[in-house]
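For the sequence shown, numbering that gives the first Met the number 0 assigns the number 0 to the initial residue and increments by one for each residue that follows.
Even for Gly, the Cβ is constructed at its ideal location relative to N, Cα and C.
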Amino acid sequence: MNNPIIIAIDGYSSSGKSTISRYLASEIGYRYIDSGAMYRAVTLYALRAGLIDAAGNINVEALTAALPSIHIDFKVNPGGKQSTMLNGEDVEAEIRRLEVAEHVSPVAAIPAVRHALVARQQAMGAEKGIVMDGRDIGTTVFPHAEMKVFITAAPEERARRRMAELEAKGEHATYEEVLHNVNERDHIDRTRAESPLRQAPDAVLLDNTHMAFEEQNQFMLDLFHKITRG
Ligand code: CDP
0 MNNPIIIAID GYSSSGKSTI SRYLASEIGY RYIDSGAMYR AVTLYALRAG LIDAAGNINV
60 EALTAALPSI HIDFKVNPGG KQSTMLNGED VEAEIRRLEV AEHVSPVAAI PAVRHALVAR
120 QQAMGAEKGI VMDGRDIGTT VFPHAEMKVF ITAAPEERAR RRMAELEAKG EHATYEEVLH
180 NVNERDHIDR TRAESPLRQA PDAVLLDNTH MAFEEQNQFM LDLFHKITRG
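What follows is the structure, encoded as structure tokens:
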């Protein structure tokens with residue numbers, strides 16, 4: 000086998016990053032790490048601890064003080080599905096709820112939160128052989144990743160995908176609510192001071208608005224083989 004590499008997948012919310020990343024990781028036998036799940040888990044912790052008020056204000060000082068006692072990990076379940084673990088509890092379902100999505104971008108904009116999670120992500124990639132998806136993986140977490148892809152799709156298409164995902168989980172939201180959340184998170188992610196969402200200069204752009212799954216999966220595999228076979 001070739002030497003393992005680091006694969007950084009960044010892009011907009013609901014662009015299908017995690018589906019693409021999970022597929023690629025399983026095809027090539029790499030570990031998949033969902034960095035967004037880590038920001039969602041911190042957000043869930045803050046909500047449960049009452050550190051976010053009804054108006055959405057975050058008690059940054061208290062959350063910063065709590066960071067050393069927030070432990071996030073991933074458990075691989077039988078069958079290969081992963082669960083996000085927050086201090087030993089499986090919170091996979093809870094972190095995908097709209098309530099968490101509504102607060103995650105402001106939480107992820109807090110520098111202390113980013114520093115703590117980026118350090119943890121870098122440690123997870125120390126041995127390479129990983130696919131990590133997020134917003135700043137190719138720019139900040141692994142600026143030297145051997146393979147970088149930046150994924151985007153039209154906001155309306157992303158909102159449709161997110162709706163379908165929420166509906167499949169029995170959560171009801173209107174298309175307008177979901178589109179609003181998608182646009183809002185894009186805006187916060189792009190404009191925050193600390194490692195904003197942007198395409199790394201050496202990342203390959205993939206716009207999958209009109210792409211079928213098979214087509215984009217093949218694109219990723221071809222790129223991986225091209226990079227690792229030289
Ligand atoms: O799945 P979806 O694309 O909706 O988002 P996610 O990957 O679960 O990430 C949730 C939120 O976490 C994003 O909207 C960002 O605000 C934040 N995030 C980040 O700031 N940096 C990352 N590396 C990953 C996520």
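Can you give the beta carbon distance from residue i to residue j, rounded, assuming they're within the 8 Å contact cut?
i    : j    : result
D135 : D33  : Their Cβ separation, rounded to whole angstroms, is 14 Å, which puts D135 and D33 out of contact at 8 Å.
E193 : A108 : 7 Å
A118 : A7   : Their Cβ separation, rounded to whole angstroms, is 16 Å, which puts A118 and A7 out of contact at 8 Å.
L196 : L97  : That belief does not hold up - the Cβ atoms of L196 and L97 are roughly 20 Å apart, past 8 Å.
Measure the C-alpha to C-alpha separation of residue i and residue j and round it to an integer number of angstroms.
i    : j    : result
A211 : D188 : 26 Å
S17  : S104 : 17 Å
R184 : S12  : 7 Å
Y230 : V181 : Not covered by the structure: residue 230. The range shown for the chain is 0 to 229.
R95  : H179 : 17 Å
I129 : H224 : 15 Å
R157 : G229 : 34 Å
G133 : I71  : 16 Å
T173 : G15  : 20 Å
I19  : A152 : 13 Å
T227 : T83  : 30 Å
D52  : N1   : 50 Å
Q81  : F73  : 6 Å
I69  : L205 : 34 Å
Looking at the C-beta of residue i, does it have a partner C-beta in chain C at a distance below 9 Å?
i   : result
L85 : Absence of chain C from the displayed structure is noted, only one protein chain being present.
With a Cβ-Cβ cutoff of 9 Å, do residue i and residue j count as a contact?
i    : j    : result
P40  : V75  : Rather than Pro, the amino acid found at residue 40 in this sequence is Ala. In this structure, V75 does not lie closer than 9 Å to A40 by Cβ.
A64  : A45  : no
M146 : I5   : yes
F141 : Q198 : no
L43  : L62  : no
V106 : I57  : yes
M37  : Q121 : no
N207 : E26  : no
A92  : G137 : no
Who are residue i's beta bridge partners in DSSP?
i    : result
V75  : Q81
T151 : D206
M162 : Answer is none; M162 lacks a bridge partner.
R30  : I129
D135 : Answer is none; D135 lacks a bridge partner.
G10  : I150
I5   : I129
What are the complete beta strand (DSSP E) segments, minimum 3 residues, inside the stretch 51 to 126? 71 to 75 and 81 to 85
Fully enclosed by the stretch 170 to 224, which alpha helix (DSSP H) runs are 4 residues long or longer? 174 to 190
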